[in-house]
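In the numbering used here, the protein residues as written are 26 to 258. Beta carbons are placed, not taken as given, at the ideal position from N, Cα and C, and that holds for glycine. All of these numbers come straight from a predicted model, not from anything done at the bench. Right, one structure below, let's go through it.
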């Protein structure tokens, strides 16, 4: 089973392929061009590198959020379109879980990703086994609430994600030796990881029809919040 993985939830656009042999190919880019310009050439590139044709895909996986509202819409639109055209299932992979997955075996892992308005998307996973187990579900927290929440964790934890790097000094000051920062290279989800996680879900018959997959924004988009404020009451 060959599965394509698409990651557009953050500043990095990453596409990967996973098959029976493991990772087949991965292209990851961060730059000035928006994801809508980059994602299709990246898909073509990894397929070419792996020597596969589009009809040889058995499934598509895509990060489903939380993350950039525009980025999520781009990734999900491409993944759902491919799934419909090829008549294959699609798997939505929580973006924070995709960040935690490479750290399986590391114990407790906090995933922190920047959100708008000085907030952070945060989730805690038990990564002692071969797959992350959600302990604190994804939430949008301001920095004070984040520190209050992580300080309740008595055991050492690894912090990963772009916001872990941003607030690393603050976390170390509050938690001391209980805070371990993960490698900066793992601070962004990878297309190959998304593909591998999606392949596992599809093998377990947890794939979805393209029409049923929706993004998990965690909180409403800014435009919706403005509309709610104007129309309150």
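Rounded to the nearest angstrom, what separates residue i and residue j at their Cα positions?
i, j, result
"residue 180", "residue 81", "46 angstroms"
"residue 37", "residue 235", "24 angstroms"
"residue 42", "residue 75", "8 angstroms"
"residue 114", "residue 27", "12 angstroms"
"residue 154", "residue 130", "6 angstroms"
"residue 59", "residue 136", "24 angstroms"
"residue 192", "residue 30", "29 angstroms"
"residue 166", "residue 183", "18 angstroms"
"residue 102", "residue 108", "10 angstroms"
"residue 173", "residue 83", "44 angstroms"
"residue 203", "residue 197", "8 angstroms"
"residue 39", "residue 170", "31 angstroms"
"residue 48", "residue 225", "13 angstroms"
"residue 157", "residue 106", "29 angstroms"
Tell me where the beta strand (DSSP E) around residue i begins and ends.
i, result
"residue 73", "First-last for residue 73: 60-75, but that is the alpha helix (DSSP H), not the beta strand (DSSP E)."
"residue 243", "No beta strand (DSSP E) holds residue 243; DSSP gives it neither H nor E."
"residue 133", "132-139"
"residue 37", "Per DSSP, residue 37 belongs to no beta strand (DSSP E) and is neither H nor E."
"residue 149", "144-152"
"residue 93", "Where residue 93 is concerned, there is no enclosing beta strand (DSSP E), given that its DSSP letter is neither H nor E."
"residue 51", "47-54"
I think residue i touches residue j, with their Cβ atoms under 8 angstroms apart; what is that distance to the nearest whole Å?
i, j, result
"residue 148", "residue 162", "6 angstroms"
"residue 87", "residue 117", "6 angstroms"
"residue 72", "residue 65", "That belief does not hold up - the Cβ atoms of residue 72 and residue 65 are roughly 11 angstroms apart, past 8 angstroms."
"residue 187", "residue 35", "7 angstroms"
Here's the rule I'm using: 16 or more other beta-carbon atoms within 10 Å means buried, otherwise exposed. How should residue i be labelled?
i, result
"residue 271", "No statement about residue 271 is possible, as the shown extent of the chain runs from 26 to 258 and does not include it."
"residue 222", "buried"
"residue 46", "exposed"
"residue 176", "exposed"
"residue 104", "buried"
"residue 85", "buried"
"residue 67", "buried"
"residue 69", "exposed"
"residue 33", "buried"
"residue 208", "exposed"
"residue 195", "exposed"
"residue 63", "buried"
Could you spell out the range, first to last residue, of the alpha helix (DSSP H) harbouring residue i?
i, result
"residue 169", "168-175"
"residue 217", "216-228"
"residue 113", "Taken as a continuous stretch (DSSP letters only), residue 113 belongs to no alpha helix (DSSP H), as it is neither H nor E."
"residue 125", "120-125"
"residue 198", "193-200"
Counting pairs of beta carbons, one from the stretch 53-62 and one from the stretch 134-144, are three or more of them closer than 8 angstroms?
With the cut-off at 8 angstroms, the stretch 53-62 and the stretch 134-144 do not touch.
Given 8 angstroms as the limit, is there contact between the stretch 122-136 and the stretch 201-215, that is, 3 or more CB pairs closer than that?
Yes, the stretch 122-136 is in contact with the stretch 201-215.
Under 8 angstroms: do the stretch 85-100 and the stretch 236-244 share three or more Cβ pairs, one atom per stretch?
They touch, by the three-pair rule.
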